[in-house]
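Q: Per my numbering, the sequence shown starts with residue 5, numbered consecutively.
Glycine included, every Cβ here is placed at the ideal spot set by N, Cα and C.
Sending over a structure as structure tokens; questions will come in a sec.
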Amino acid sequence: MTSTHKDHPSSSLKHSSYLVTPHPVHSGTMPSMFTPLYILLILFSVNTIILEASQANKSEIDRQALLCFKSGISSYPLGILDSWSKHSLNFCSWKGVTCRTKFPPRVVSLNFNYARLSGQLSGCLGNLTFLSRMSLAYNNLSGTIPEELGMLPNLHTLNLAGSCLQGNIPTSLGASNSLSYVNLANNTLTGGIPLSLTDCSSLSTLILSRNNLSGEIPSSLFDNSSKLAVVDLQKNSFTGPIPHFHMVITLKFLCLTENFLSGSIPNSMGNVSSFASILLSQNRLPGLIPETLSHITKLLELDLSFNSLSGNIPFSLYNMSSLKNFSVGSNDLVGQIPSHIGYSLPNLQSLIMGSNMLEGLIPASLANMSNLQILDLSKNSLHGSVPSLGSSANLRWFVLGSNLLEAHDWSFLASLANCTQLTKLSLEGNLLNGSLPISIVNLSTKLEDLSLGSNQILGSIPFEISNLVSLTSLRMESNFLSGSIPSTVGKLQNLYIINLSKNKLSGQIPPSVGDITQLGKLYLDDNNLGGNIPGSLGQCKGLLEVNLSANSLAGSIPAELFAGPGLALGVDFSYNNLTGEIPSDVYLANPALLNFSNNLLSGTIPDDLGRCVNLLFLCLEDNKLKGQIPQGFWKLMSIQQINLARNNLSGPVPEFFDNLTLLEKLDLSYNNFEGPVPYGGCFSNSSMVILDGNKMLCARVSMLALPICDGTQQRTVCLCEQS
């Protein structure tokens, strides 16, 4: 929009509030043009005109700076810069621009968060000398942060997060004494933290997370600031020790996770009484946890997980009643969990101590933590009974796997029915025994992950397991479960993983499994299952891996299973009683593993198997296959192992095996192959090839303990054209 004539500098005299109107003069007298009062009025008016012209010129500098910024933007699909026209003088009305209310108008704020801008930041922004807030977060910018931003003396807030910026953080940013909030997260910035930035006396928030920054964290960062409250440097590549903390009295939030920091946690951290959150996970911090941390009486969150911390957890930390989240998982900590923890830490919402070397009992006092949402004590050496936590109504994660826990009466499971928010129950790898209680079907309908594998559980899977409608993972492998797989499992439409392997299940695989269209992995191996493989499994279009090995399955391999591009990870039907031929459409699934060994399969090997370009392992041994090795196998350029032993295969050993450069193991033993064998590739290494039991094979040169061909043995096969 074009401004009116009132905005033009030439009209400033007419509308100036500073002009003084002279008193009227009596008609009988003629004033002198050079009286002191008249001269004073003229000088005042001229000065006012000059002043307003100067101020208007400064506004024009802002307008030109904005237009210069726009020229660096190559794309703005939301149309947010459409109103920015060189013909429009009223730049304060442009979208994203805020001006001060005083005259003359000056730009004080630019706000283009999530505006989908593309292009580069212009150094012209350094001319917006009244700018106090610049927010251009989450755009598609490129290039570097202009050094000229350090010329903005009034800049208070700088938010350029998530805007694809590169290069170093400008050292000039430290020149602004007004700078309070800096957010440069989620870019690809490199280099270190400029020392000058740590000298900003007004700096309260520094967020540099998720970049490629490196080097050591400047020691001055925690030395000079009296206002610093938030420091977030997570997901970078910082090295060296955590600096000591001196003269930092306002720091509340410190996040240094996912870096490469080393050295002990400084004791001086305990001197910062203002701390609410200390997050140091996923670094390389060794040594002991400082006892001084217990001096921070208002600490809400302490995360020291995934480091190399050792020794005992200081007993005093268990008395920090303010704590809501306490995580020390994945370290080398030892000792026992105090029996009173549930009373001394009553406000805990998250307790994560998994993957350490803790011993002893799990305290029954945990039941007093009524606000507890996440409990992870997995992968320790805890023993005794599983505590009942039914009083923790908001419990979402109950993770105690890989310990030495027992379940004498399974009463803890019945109490968990009160935890209506429970999404993960992980008790695998313990010593739980007895029959699987029917109370398992009363768990929260929000339960997504049920893991009871590698225990000593007896009994059968309840028919009412279908009550757990949100299950995505059902793991009960390596137990002593018996009976049949309930057909109601087909109602669990969200299941992605079913692992019931290594049990004593019998009966048939229910065809209803094919109704689980989201199913990705099915493991039923090492059971006593019989009947046919249901063709309905072909309805599971997202199926990546199926293992039905070591059962008593009969009938043919259903061709429907290979009708789509699924099964990328593999198929294992070995050690069953399957009959018939190998489906010719197996190549459509393009699996990495194909194991049909130890069955009763007959017929020839389909030539189209050679179209499985991702195949790594082919296991067809111990069947009744006949015919020759398909010529299409020359295309198996990713293959690492081929086992065709103990069949009725015949004909020559193809020369193209020389060219399968990744082949590490080839077992053709106990067939009826004949003629000379290749002498290159894997055949040059006797440990990679097994040819025993083929009496008609010979070698052109001395190799593989084969007789030398006598010259009458000729190849009768035409090699395929490898094009």
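When you compare only the Cα positions, how much space is there between Asn437 and His412?
A: Here residue 437 refers to the residue found at position 433 when the sequence shown is read from its first residue. Here residue 412 refers to the residue found at position 408 when the sequence shown is read from its first residue. Asn437 and His412: Cα-Cα distance of roughly 7 Å.
Q: If I measure Cβ to Cβ from Lys239 and keep anything under 6 Å in the same chain, skipping five residues before and after, which residues do I get?
A: As a working mapping, residue 239 is identified with position 235 in the sequence shown. A distance below 6 Å between beta-carbons, with the five flanking residues on each side excluded, links Lys239 to the following residues of its chain, in chain order: Ser213, Arg214 and Glu262.
Q: Spell out a yes or no on whether the stretch 143-152 and the stretch 195-208 are touching, meaning 3 or more CB-CB pairs, one atom from each, closer than 8 Å.
A: no
Q: Quick one: residues in its chain with C-beta nearer than 8 Å to the C-beta of Gly511, no 5 flanking neighbours on either side, listed in chain order?
A: Start at 1 with the first residue of the sequence shown, and residue 511 comes out as number 507. Answer for Gly511: Gly487, Ser488, Ile489, Leu533, Gly534 and Gly535, listed in chain order.
Q: So does the stretch 363-378 actually touch the stretch 332-349, counting three or more Cβ pairs closer than 8 Å?
A: yes
Q: Using the C-alpha atoms, what's the distance from Thr301 back to Leu451?
A: For the purposes of this step, residue 451 is identified with residue 447 of the sequence shown, where counting begins at 1. For the purposes of this step, residue 301 is identified with residue 297 of the sequence shown, where counting begins at 1. Whole-angstrom Cα-Cα distance: 36 Å.
Q: Among the residues of its own chain, which have a CB less than 6 Å from the CB of Leu440, if the five just before and after it don't count?
A: Translated into positions along the sequence shown, residue 440 becomes position 436. Once the five neighbours on either side are set aside, the close Cβ partners of Leu440 are Ile461 and Gly463.
Q: Look at the alpha carbon of Leu664 and the alpha carbon of Cys623, and state the distance between them as a whole number of angstroms.
A: For the purposes of this step, residue 664 is taken as the residue at position 660 of the sequence shown. For the purposes of this step, residue 623 is taken as the residue at position 619 of the sequence shown. Those two C-alpha atoms are separated by around 17 Å.
Q: Does the beta-carbon distance from Ala189 to Ile211 come in below 8 Å?
A: Here residue 189 refers to the residue found at position 185 when the sequence shown is read from its first residue. Here residue 211 refers to the residue found at position 207 when the sequence shown is read from its first residue. Contact flag set, yes.
Q: Using the three-state DSSP reduction, which class does Arg479 fall into: helix, strand or coil?
A: Counting from 1 along the sequence shown, the entry for residue 479 is found at position 475. Three-state DSSP puts Arg479 in a strand.
Q: Look at the alpha carbon of Leu355 and the alpha carbon of Asp236, and state the distance between them as a whole number of angstroms.
A: Walking along the sequence shown from the start, residue 355 turns up at place 351. Walking along the sequence shown from the start, residue 236 turns up at place 232. It is roughly 23 Å from the alpha-carbon of Leu355 to the alpha-carbon of Asp236.
Q: Can you tell me whether Cys251 is helix, strand or coil according to DSSP?
A: Walking along the sequence shown from the start, residue 251 turns up at place 247. Here residue 251 is Met; the residue named in the question, Cys, does not match the sequence. Three-state result, Met251: coil.
Q: Taking the C-alpha atoms as reference points, what is the distance between Arg288 and Ser266?
A: Residue numbering aside, residue 288 sits at position 284 when the sequence shown is read from its first letter. Residue numbering aside, residue 266 sits at position 262 when the sequence shown is read from its first letter. Computed Cα separation, rounded: 5 Å.
Q: Using DSSP with H/G/I as helix, E/B as strand and the rest coil, what is Met357?
A: Position 353 of the sequence shown, counting from 1, holds the residue named residue 357. Three-state DSSP puts Met357 in coil, outside helix and strand.
Q: Using a Cβ-Cβ cut-off of 7 Å (strictly less than) and excluding sequence neighbours within five positions of Ser241, which residues of its own chain qualify?
A: For the purposes of this step, residue 241 is taken as residue 237 along the sequence shown, with counting starting at 1. Cβ contact annotation for Ser241 (same chain, cutoff 7 Å, sequence separation greater than five): Asn216, Leu217, Ser218, Asn263 and Phe264, in chain order.
Q: Helix, strand or coil for Ile366, going by three-state DSSP, please let me know.
A: Your numbering for residue 366 matches position 362 in the sequence shown. Ile366 falls in the coil class under three-state DSSP.
Q: Grab the span of the alpha helix (DSSP H) containing Leu417 for me, first residue to last.
A: What you label residue 417 is simply residue 413 of the sequence shown in a count that begins at 1. Per DSSP, Leu417 belongs to the alpha helix (DSSP H) from Ser415 to Ser419.
Q: Do Ile253 and Pro270 have their C-beta atoms closer together than 8 Å?
A: Counting from one through the sequence shown, the residue named residue 253 turns up at place 249. Counting from one through the sequence shown, the residue named residue 270 turns up at place 266. At least 8 Å separates the beta-carbon of Ile253 from that of Pro270.
Q: Could you tell me the boundaries of the alpha helix (DSSP H) in which Ile345 lies?
A: As a first step, residue 345 must be located in the sequence shown, where it is residue number 341. Element bounds for Ile345: Ile345 to Ser348.
Q: Helix, strand or coil: how does DSSP classify Ala709 here?
A: Here the question's residue 709 lines up with position 705 in the sequence shown. Correct three-state label for Ala709: coil.
Q: Count the other CB atoms within 10 Å of the CB of Pro658; is the residue buried (16 or more) or exposed (fewer)?
A: For the purposes of this step, residue 658 is identified with residue 654 of the sequence shown, where counting begins at 1. Pro658 should be labelled buried.
Q: Based on the DSSP secondary-structure assignment, which residues constitute the bridge partners of Leu509?
A: Mapped onto the sequence shown, residue 509 falls at position 505. In the DSSP output, where bridge partners are listed per residue, Leu509 has Gly487.
Q: Three Cβ pairs or more, each shorter than 8 Å: is that satisfied between the stretch 632-641 and the stretch 678-689?
A: The stretch 632-641, when compared against the stretch 678-689, does not touch it at the 8 Å Cβ threshold.
Q: Can at least three beta-carbon pairs, one atom from the stretch 394-414 and one from the stretch 367-386, be found at a separation below 8 Å?
A: Yes, since at least three Cβ pairs between the stretch 394-414 and the stretch 367-386 fall closer than 8 Å, the two stretches touch.
Q: Considering Cα atoms alone, identify which of Asn372, Asn323 and Gly358 is closest to Ser348.
A: Here residue 348 is taken as the residue at index 344 of the sequence shown, counted from 1. Closest option to Ser348, Cα to Cα, is Asn323.
Q: Is the CB of Glu468 under 8 Å away from at least one CB in chain B?
A: The chain labelled as chain B is not found in the depicted structure, where only one protein chain is given.
Q: If you run the structure through DSSP and keep just helix, strand and coil, what is Ser281?
A: Position 277 of the sequence shown, counted from the start, is the residue given in the question as residue 281. Here Ser281 sits in strand by DSSP.
Q: Note down, one range per segment and in chain order, each beta strand (DSSP E) of at least 3 residues found wholly within the stretch 559-610.
A: 574-576 and 597-599
Q: According to DSSP, which residues form a beta bridge with Gly244?
A: Start at 1 with the first residue of the sequence shown, and residue 244 comes out as number 240. Looking at the DSSP assignment, Gly244 forms a beta bridge with Leu265.
Q: Relative to the C-alpha of Ser206, which candidate in Thr161, Gly171, Thr175 and His250 has its C-alpha closest?
A: Start at 1 with the first residue of the sequence shown, and residue 206 comes out as number 202. If we check each option's Cα against that of Ser206, Thr161 comes out closest.
Q: Restricting to Cα atoms, I'd like to know which of Leu435, Ala421, Leu431 and Leu429 is closest to Ile442.
A: What you label residue 442 is simply residue 438 of the sequence shown in a count that begins at 1. From the listed residues Leu435, Ala421, Leu431 and Leu429, the smallest Cα separation to Ile442 is found for Ala421.
Q: On the three-state DSSP scale, how would you describe Pro290?
A: Residue numbering aside, residue 290 sits at position 286 when the sequence shown is read from its first letter. Three-state result, Pro290: strand.
Q: What residue ranges within the stretch 427-458 form continuous beta strand (DSSP E) runs of no fewer than 3 residues, ordered along the chain?
A: 428-430, 437-439 and 453-455
Q: Based on Cα-Cα distance, which residue from Gly358, Met373, Val332 and Ser334 lies nearest to Ile345?
A: Reading the sequence shown from its first residue, position 341 is the one you call residue 345. Measuring from the Cα of Ile345, the nearest candidate turns out to be Met373.
Q: Once the 5 residues before and after Lys62 are set aside, which same chain residues still bring their CB inside 6 Å of it?
A: On the sequence shown, residue 62 is found 58 positions in, with the first residue counted as 1. None.
Q: With DSSP as the reference, label Met155 as helix, strand or coil.
A: Start at 1 with the first residue of the sequence shown, and residue 155 comes out as number 151. DSSP places Met155 in helix when its eight states are reduced to three.
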